[in-house]
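In the working numbering, the protein residues as written are 1 to 282.
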């Protein structure tokens, strides 16, 4: 009899302990749920704040760039007028040099401003893609650089056949123009450039590239590429935006960018784009 009562008492004590522990666990779970809900709310709030800040920065950079372009247009106009006036009369060598410098620097400023605008636009813009005849896109980029190509006696060798990829023609032309411009600036003297493309069947992508005959890049230098405002020691006249624009455009189009380089053997800059649907089906 007493043994049964003792056993019952022990069972009741254990049941009470378990009930207490269950209540403590319930409270702990409730507190954890509240914490997670609060944390999630804070993450959503912080994300919204960051998106608003990014939007404000993009608006600010676009506004500043547009505001700078107006007086810059006047500088270019008056500089060109001055240059024409000096051509009509015998200017001194110093006057002609200064007039040339005004125009050159103004055009350089416009290039930087246009790069800032493009960098801002590509962040949030919705882009329409379509199959592209890449040979024509590359040719358009070469036409934009025709003066530099002729002036520097650059040799550009283009592949005869090109993969059909999806992209936005205007944006992809910017990618080619930046890659080609860099190959001209930092390639050999004269620059010998090879451009082409290939299909990557394992990822249903096309890979396009620009190969130069420059001095090549060290691993440390390669790490600085594609970062806004990052400049290599050799790029004295660069504003550090070109490759950042290349990366942003390519990422927006669903591709990737990169470089393969060995010191003394030149560099190959590449970007990938999704293959056109008809090629994927085949």
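Glycine residues also receive a C-beta, built at the ideal position from the N, C-alpha and C atoms.
Fair warning: this is a prediction, and the values are worked out from it, not measured in the lab.
The beta carbons of residue 161 and residue 140 sit no closer together than 8 Å. For the pair residue 212 and residue 44, the Cα-to-Cα distance works out to about 46 Å. Taking the C-beta atoms as reference points, residue 131 is found no nearer than 8 Å to residue 86. Residue burial annotation: residue 35 is exposed, with fewer than 16 other C-beta atoms found within 10 angstroms of its C-beta. Cβ neighbours of residue 144 within its own chain (closer than 6 Å, five residues either side excluded): 177. Here DSSP, grouped into helix, strand and coil, assigns residue 209 to strand. DSSP, reduced to helix, strand and coil, places residue 175 within a helical segment of the structure shown. By alpha-carbon distance to residue 214, the top candidate from 194, 183, 204, 222 is 183. In the structure shown, residue 9 falls within a helical segment according to DSSP collapsed to helix, strand and coil. The residues 106, 109, 110, 113, in chain order, have a CB closer than 8 Å to that of residue 72 in the same chain once the five nearest residues on each side in sequence are set aside.
With at least 16 other beta carbons inside 10 angstroms of its own, residue 168 counts as buried. Here the C-alpha atom of residue 81 lies approximately 26 Å from the C-alpha atom of residue 150. The DSSP-derived three-state label of residue 214 is coil.
Rounded to whole angstroms, residue 147 and residue 50 show a C-alpha spacing of 43 Å. Residue 45 sits in a helix when the DSSP states are folded into three classes. Per DSSP, the beta bridge partners of residue 261 are 267. For the pair residue 246 and residue 175, the CB atoms are nearer than the 8 Å cut-off. For the pair residue 192 and residue 276, the Cα-to-Cα distance works out to about 30 Å. Distance between residue 163 and residue 267, taken at the CA atoms: about 22 Å. In the three-state DSSP reduction, residue 30 falls in the helix class (H, G or I). Residue pairing by DSSP places residue 196 opposite 209 in a beta bridge.
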